[in-house]
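Protein chains in written order, with the numbering used here: chain A, 6 to 290; chain B, 1126 to 1438; chain C, 82 to 331.
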Amino acid sequence: MNLVAAQIVNGLAIGMLYAVMALGLSIIKGLLNVPNFAHGALFAVGAYVCYTLSTIGAPFAVALIGAFSGAALLGFLIERFGIANLTGGSYLLQVLFLFGTALVIEQILVLIYGTTGVSLVPPAMLGGAMDLGFMFLPRYLVFCALVGAFSIVAVWLLIEKTRIGSSIRAGIERREMVQCLGIDIGTLLTLGFALGAGMAGLAGGIALPLLGANATSGNDMMAIAFVVLVLGGLGSLYGAVAAGILIGVAQSLTTLVAPSASTLLIYVIMTVVLLIGPKGLFGER
Amino acid sequence: MNKNLLALAAVVLLAVVAPMVIPISIANEIIVIAIFAMATNLVIGVAGLYSFGQAMFFGAGAYLTGYSLTAGGLSLVPSILIAIAGAAALAGIVGAVIIRRSGFYFMMLTFAFNQMAFYVVLVWSGVTGGEDGMAGIKRAPVGGLDLNDRSVFYAFCAVLFVASYVILRQIKKSPLGLVLEAAKENPRRMASLGYSVHGAQLAAFMISGAFAGLAGSLYVLLYRFVPIDSISWIMSGNVVFMVVIGGMSSMVGPIMGAAVFVWLQGLFSLLWAQWALLFGLFIIFVVFTLRGGLIELFKRVARIRRAGEAHHG
Amino acid sequence: MAEPVTVLEAIELTKRFGKNTVVDGVSLKFPEGRLHAILGPNGAGKTTLFNLLTKDYPVDGGEILLRGERVTRLRPHQISRRGVGRSYQITSVLRELTFFENVWLASYRADHAGAPGLWRDFRAHWATAEKTRQVLAELGLEPFTDRKAADVSYGDQRLLEIAVTLATRPEILLLDEPTSGLSQRESERVKQLILSIKGKFTIIMIEHKMNVVMDISDDVTVMNRGKVIASGSPAQISTDAAVRSAYFGL
Ligand SMILES: Nc1ncnc2c1ncn2[C@@H]1O[C@H](COP(=O)(O)OP(=O)(O)OP(=O)(O)O)[C@@H](O)[C@H]1O
Ligand SMILES: [Mg+2]
């Protein structure tokens, strides 16, 4: 029983990571309609920025902000100087560009940090476990779930309650509206991409004390985020959040019975959903 | 008709001349990877299905051949046939699940399934060798041919390469090819004419998978080793890159794309251990410069020359 | 005289987009061999009705019977294979292909029941190529045989649209505003064409141009706001009060 509860908490924490990743992808998909194949690399960037800032003594909160900002800045550059200049040609070129960018980012990370990978002990305040009487709850998992939830809410507030957010939303839902509102669509796309990229970086930062990081560890995350996005249904921005959490918990619970099957389970769920429901779990389209 | 023969002659000539002008091992890798690139062009260029999971089928062919030859104790030809059939079957299963998704979803799903295949190989290390790959593969003789001889093995691959070219080109020009081209533009109209668009696309996906499996199988025989990279998503991205730089309008384009890829990979890896970084930069560079692929570049040059001649004449 | 056989029948067909019920319980019978016109103001749901009959859109309610067989759950290509051909209001020829290739695809499908062949060059399917040339000739389109559809005038694209539909050799022909966007002369040409094939097919035609409808159709149905408001002969319809108010604004 305690084990199950522990796995549910673990699943919530991991699920939040998936949700943060997938929400970032979802924003980028909504605005630019490209699958961001650099999302995994941006996740890794976030993890390494977080690692570097922590090792030079920055507080963990600052390291996380750095993870977000570093990836967001990269995302800004990728959109402004890359994708934005590839709009006339084939759709494939944009996708290939993202693929090439992912390779470059990963290789630069290898160049700087080597291939062995790094890990980070969570700060003392977040280390250890809380005794709930019936179970021990690792503090960092709680933190992970909270930060994930917090950042999702922040994005929600940004999109629903601010001017720039409402134009992002308009950009996703009806492109032609944006021009009428007199907003420069180019700027909007760049900012949207940066925001999505930043979320990948943030997920990387949060995940570091939990999973460690190496240059290519983002790719598994990216694949899972893709699955989450498909499951959530691409019609809605927030379907991804629910699907992410669901997947995290399901995966975590599977670990109890068949640890090595837990990742496979994600794909099994995806296949089943694809076969029975053409719209994903929460999608409108 | 003439054009067909001419292209065929060029492809045969390429296969014959290549080992004389470049190291035979590189020529061999080029023709093997070219099969993979042509197979991929059938889904990407002809059918317009942007698959980012082609390495799944290449890798399936590679591992099936590796396993059949080592633990399976089979001889060479059955091992290759198993690779082809297995990869086609895998494509059939994956395709049946995802073929109804288009564009963005299709790309993500092919990638996700590719990653799943990678994960299975990684975890199932008792059979696949996990991260270390699968070694100890021998090329058993086929009907008295000693395939351990480099030239004989090259000739063996070259025959399969030319055959693959002919078959894939025929398919591109066949009714199925035209149906796929048309469905790429307007699937709804094709359905209203009475074509099962998903059926045609699934067929293309499976055929592509079969040839990708053949390529993977030959790749393993070439290096006597199955690297786990053969099933990684990087391989999927690379082959899309080959098709795009080569140009998708014919099956010759992907051959050129494969040649450029293999040659550059060799060159970069001589220059620097971190060659993948150079390669990534090269992809970015190419995306910005050669927007229509090499074929388009040649056509553009030809057009400029023709315009020049017209001007003078 | 015996009742003509009903080849296609809609029973209480309904389609909703969000909160809008765009086709609202439409029941219609189409007897064999007749030319049935469907009239109605913009947005009446005529095209949507076609999209339901051909299953381009899923049906939200009601049934479709094709020669008595319930086909409500079939896919568009299965409907087509049962002898229903259609043209689209928005020209949907394959713009990147030539006239020959466009019509060839339709003829080939009529010639081959199974999956498309994957070996012989499509041009080397001689019998199909021959039939393709025939259809192009019948519609006076031979001069365009090797032209890309994107490169010709709108009027010629409309004719190609009809040629493609005819080349599937359907028994039931659904034409969605075949003369829309055409000049007076081009419309006349299409009208003559339809007259010349009338009787050979069961034709259901959406049409705005009154003169076209009144001259050539046998039966007329008028739709408004997703519902059938009148059905009858052209003469009856032109004097129907409900129709006059809804459609002519009188
Ligand atoms: N795919 C769709 N999604 C949402 N609404 C639709 C869709 N297709 C049609 N509609 C709506 O359904 C209504 C009927 O459209 P329909 O095209 O059937 O009209 P119509 O009678 O063919 O008109 P017209 O004479 O202009 O061609 C319109 O209000 C239209 O906006
Ligand atoms: Mg209409």
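Don't be surprised by glycine CBs; every beta carbon is placed ideally from N, CA and C. Quick caveat: nothing in here was measured; it's all calculated off a predicted structure.
In the three-state reduction of the DSSP assignment, S1375 of chain B falls in the coil class, being assigned neither a helical nor a strand state. Using a Cβ distance threshold of 7 Å, V1369 of chain B and L97 of chain A count as a contacting pair.
With respect to A263 of chain A, L30 of chain A sits apart: the two C-beta atoms are not nearer than 7 Å. In its chain, beyond the 5 residues on either side, I271 and M275 have a beta carbon closer than 6 Å to the beta carbon of V232 of chain A. For the pair K110 of chain C and T87 of chain C, the CB atoms are nearer than the 7 Å cut-off. A residue is called buried once 16 or more other Cβ atoms fall within 10 Å of its Cβ, and R97 of chain C, having fewer, is exposed. Restricting attention to C:D257, C:V184, C:E288 and C:R204, the CA atom closest to the CA of L247 of chain C is found in C:V184.
Of all residues in the segment 1220-1248 of chain B, only A1221, V1222, I1223, R1225, R1226, G1228, F1229, Y1230, M1232, M1233, L1234, F1236, A1237, F1238, N1239, Q1240, M1241, F1243, Y1244, V1245 and V1248 come within less than 9 Å of chain A when Cβ atoms are compared, listed by chain position.
In this structure, the beta-carbon distance from Y1344 of chain B to A1196 of chain B does not fall below 7 Å. Beta-bridge pairing by DSSP links N305 of chain C to C:K308. About 4 Å separates the beta carbons of I164 of chain A and G170 of chain A, which is inside the 8 Å limit, making them a contact pair.
Excluding residues up to 5 positions away in sequence, T1235, F1236, F1238, N1239 and S1361 lie with their Cβ nearer than 7 Å to the Cβ of G1178 of chain B in the same chain.
Separation of the CB atoms of V1287 of chain B and V1136 of chain B is rounded to 6 Å, and the pair is thereby assigned contact status at 8 Å. When Cβ-Cβ separations below 7 Å define contact, S267 of chain A makes no contact with chain B. Q1295, I1296, K1298, S1299, P1300, L1301, G1302, L1303, V1304, E1306, A1307, E1310, N1311, R1313, R1314, M1315, A1316, S1317 and L1318: these are the residues of the segment 1292-1318 of chain B whose beta carbon lies less than 8 Å from some beta carbon of chain C, given in chain order. Shortest Cα-Cα distance from V1219 of chain B to any of B:I1380, B:L1293, B:M1331 and B:D1354 involves B:M1331.
By the neighbour-count criterion, in which 16 or more other beta carbons inside 10 Å mark a residue as buried, D192 of chain C falls on the exposed side. Around R115 of chain C, the same chain offers P85, T283, I284, D299 and D300 as residues with beta carbons nearer than 8 Å, after the five sequence neighbours per side are excluded.
Checking the 6 Å criterion, the Cβ of K290 of chain C is out of range of every heavy atom belonging to ligand 2.
Closer than 7 Å to the CB of Y272 of chain A there is at least one CB belonging to chain B.
In its chain, beyond the 5 residues on either side, T1195 have a beta carbon closer than 7 Å to the beta carbon of G1261 of chain B. For a cut-off of 8 Å, the C-beta gap from Q170 of chain C to E93 of chain C is around 24 Å, too long to register as a contact. Contact residues of ligand 1 (beta-carbon closer than 6 Å to any heavy atom; chain order) are C:F98, C:V103, C:G121, C:N123, C:G124, C:A125, C:G126, C:K127, C:T128, C:T129 and C:Q170.
Across the structure, F1407 of chain B and T106 of chain A are spaced so that their CA atoms are roughly 10 Å apart. G166 of chain C places its beta carbon less than 7 Å from that of T249 of chain C. Taking 7 Å as the cut-off, the beta carbon of E1154 of chain B is found no closer than this to the beta carbon of V1377 of chain B.
By the criterion of a C-beta distance shorter than 8 Å, T120 of chain A is surrounded in its chain by N219 and A220, once the five residues flanking it on both sides are discounted. For L1389 of chain B, no Cβ of chain A is located within less than 7 Å of the residue's own Cβ. The criterion of a C-beta distance shorter than 7 Å is not satisfied by H44 of chain A and A199 of chain A. In the structure shown, R151 of chain C falls within a strand segment according to DSSP collapsed to helix, strand and coil. The CB of N219 of chain A never comes closer than 8 Å to any CB in chain B; the least such distance is about 13 Å. At the C-beta level, G71 of chain A and L79 of chain A stay beyond 7 Å of one another.
Here the C-alpha atom of I13 of chain A lies approximately 27 Å from the C-alpha atom of G201 of chain A. Burial of Y23 of chain A is indicated by the presence of at least 16 other C-beta atoms within 10 angstroms of its C-beta. Contact between T1190 of chain B and L1346 of chain B holds, since their C-beta atoms are separated by about 7 Å, short of 8 Å.
E90 of chain C has C:K110 and C:L146 as its beta-bridge partners, per DSSP.
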